[in-house]
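Step one of this worksheet: look at the structure below.
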Ligand SMILES: NC(=O)c1ccc[n+]([C@@H]2O[C@H](COP(=O)([O-])OP(=O)(O)OC[C@H]3O[C@@H](n4cnc5c(N)ncnc54)[C@H](O)[C@@H]3O)[C@@H](O)[C@H]2O)c1
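Residue numbers (this note's numbering): 542 to 807.
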């Protein structure tokens, strides 16, 4: 899809990858960019920076009613949404002992928000025979996230949903992409401490280097132009996924080793 002249919505648009997607869509001539975020002031700031064709809309994507309200606002104000970036996401650390509140929150933000957005978008897109949804998952959705079971589980679910949609609705003209980066410098990865190399060394997400959000956004828009499903800003992830599929036991052994190497030494 060519982004020029399109109506674009970005969730999590106030910061990081979402903000970079808003800027990149504007640079490619989108007609409208709706910057949706739970951080109303941050969304306003991005919309202000982009000028008249951008609007901020405060949305908590953990609420189905708010996701519906976002789609309704964009469509009633600007017309059909052509391209929806379901990008907002959070990380909850820990294993199964993480609180039920934490599991529920991340399930809603990282998975159900995409279900709700798609449910609201699909009838119109199917009627028009066109529409594009980009789901931001993570390399953790193809592999795993050491240190966070909730993130691993929900990002795997996000990849599963994106694949299902891409198969089910392709012939009806719906296009879906799934973004699976490793480390990207954003608030989520403590961008403020980017010069603290310890943070990088202690993170598997940073194994193959952190990318700037702007670089990731350009890669995403290139994939959208090609209508390519899987977006891997870190190409190494494809190799890891092959290794995992080829020999799961060996892959698990390797991951255990990586985990052991990250344990703080006394
Ligand atoms: N940064 C990385 O290394 C990395 C790697 C892989 C995947 N991701 C994914 O990229 C996406 C964007 O994250 P980022 O790294 O840009 O982080 P970020 O923290 O800079 O941005 C996330 C944005 O989402 C918003 N948000 C959080 N909860 C929300 C909610 N309930 N409703 C609406 N907005 C909400 C935040 O306010 C923030 O503006 C996430 O889905 C994340 O899981 C990030």
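Ideal placement from N, C-alpha and C gives every residue a C-beta, glycine not left out. Computed from a predicted structure; not experimentally measured.
Next item on the list: Determine the extent of the beta strand (DSSP E) in which residue 563 is found, giving its start and end residues.
Entry: Indexing the chain shown from 1 puts residue 563 at position 22. No beta strand (DSSP E) holds residue 563; the alpha helix (DSSP H) holding it covers 557 to 568.
Check: Short check: CB of residue 551 to CB of residue 614, under 7 Å?
Finding: Translated into positions along the chain shown, residue 551 becomes position 10. Translated into positions along the chain shown, residue 614 becomes position 73. In this structure, residue 614 does not lie closer than 7 Å to residue 551 by Cβ.
Note to self: Output needed for residue 784: all residues of its chain with C-beta closer than 6 Å, excluding positions within five of it in sequence on either side, in chain order.
What the structure shows: Numbered from its first residue, the chain shown carries residue 784 at position 243. Once the five neighbours on either side are set aside, the close Cβ partners of residue 784 are 792.
Check: How many whole angstroms separate the CB atoms of residue 544 and residue 571, which I take to be in contact at a CB cut-off of 8 Å?
Finding: Working through the chain shown from its first residue, we reach residue 544 at position 3. Working through the chain shown from its first residue, we reach residue 571 at position 30. Rounded, the Cβ-Cβ distance is 5 Å, consistent with contact.
Check: Buried or exposed: residue 804, going by 16 or more other Cβ atoms within 10 Å of its Cβ?
Finding: Counted from its first residue, the chain shown places residue 804 at position 263. So residue 804 ends up on the exposed side.
Checklist line | Sufficient close CB pairs (3 or more, under 8 Å) joining the stretch 701 to 713 to the stretch 747 to 756 | finding: Verdict: no, contact absent.
Note to self: For residue 775 and residue 558, I'd like the C-alpha separation in whole angstroms.
What the structure shows: Here residue 775 refers to the residue found at position 234 of the chain shown. Here residue 558 refers to the residue found at position 17 of the chain shown. Taking the straight line from one Cα to the other gives about 14 Å.
Note to self: Following a CB-centred definition, is residue 556 positioned closer than 6 Å to any heavy atom of ligand 1?
What the structure shows: Along the chain shown, one-based indexing puts residue 556 at 15. Result yes, Cβ under 6 Å from ligand 1.
Check: Going by DSSP, what residues sit across from residue 578 in a beta bridge?
Finding: Position 37 of the chain shown, counting from 1, holds the residue named residue 578. According to DSSP, which records beta bridges pairwise, residue 578 is partnered with 599.
Note to self: Does the distance between the C-beta of residue 749 and the nearest non-hydrogen atom of ligand 1 fall short of 6 Å?
What the structure shows: For the purposes of this step, residue 749 is identified with residue 208 of the chain shown, where counting begins at 1. It does not: the Cβ of residue 749 is nowhere closer than 6 Å to a heavy atom of ligand 1.
Notebook entry, point to check: Would residue 671 pass as a contact of residue 714 if the rule is Cβ separation under 7 Å?
Noted result: For the purposes of this step, residue 671 is taken as the residue at position 130 of the chain shown. For the purposes of this step, residue 714 is taken as the residue at position 173 of the chain shown. A contact, by the Cβ cut-off of 7 Å.
Notebook entry, point to check: In three-state DSSP terms, what is residue 714?
Noted result: Residue numbering aside, residue 714 sits at position 173 when the chain shown is read from its first letter. Residue state, collapsed to three classes: coil.
Note to self: Would the stretch 693 to 701 count as touching the stretch 665 to 685 if we require 3 or more Cβ pairs under 8 Å?
What the structure shows: yes
Next item on the list: Determine the burial state of residue 578: buried for a count of at least 16 other Cβ atoms within 10 Å of its Cβ, exposed for fewer.
Entry: As a position in the chain shown, residue 578 is number 37, starting the count at 1. Counting the other Cβ atoms within 10 Å of the Cβ of residue 578 gives 16 or more, which makes it buried.
Check: Counting only runs that start and end within the stretch 605 to 641, where is the beta strand (DSSP E) found for 3 or more residues in a row?
Finding: 624 to 627
Notebook entry, point to check: Got a sec? Which residues, its chain only, sit under 7 Å from residue 716 by beta carbon, not counting five neighbours each side?
Noted result: The residue labelled residue 716 in the question sits at position 175 within the chain shown. Contacts found: 542, 673, 768.
Next item on the list: Count the other C-beta atoms from every protein chain shown that fall within 10 angstroms of the C-beta of residue 781, then say buried if there are 16 or more, exposed otherwise.
Entry: Mapped onto the chain shown, residue 781 falls at position 240. It counts as buried.
Next item on the list: Would you check whether ligand 1 has a heavy atom nearer than 6 Å to the C-beta of residue 700?
Entry: Mapped onto the chain shown, residue 700 falls at position 159. Incorrect: residue 700 has no Cβ contact closer than 6 Å to ligand 1.
Note to self: Shorter than 6 Å, the distance from the beta carbon of residue 579 to the closest heavy atom of ligand 1, or not?
What the structure shows: What you label residue 579 is simply residue 38 of the chain shown in a count that begins at 1. The answer is yes for residue 579.
Notebook entry, point to check: Say the cut is 6 Å; is the CB of residue 628 nearer than that to a heavy atom of ligand 3?
Noted result: Ligand 3 is absent from the structure shown, which contains only ligand 1.
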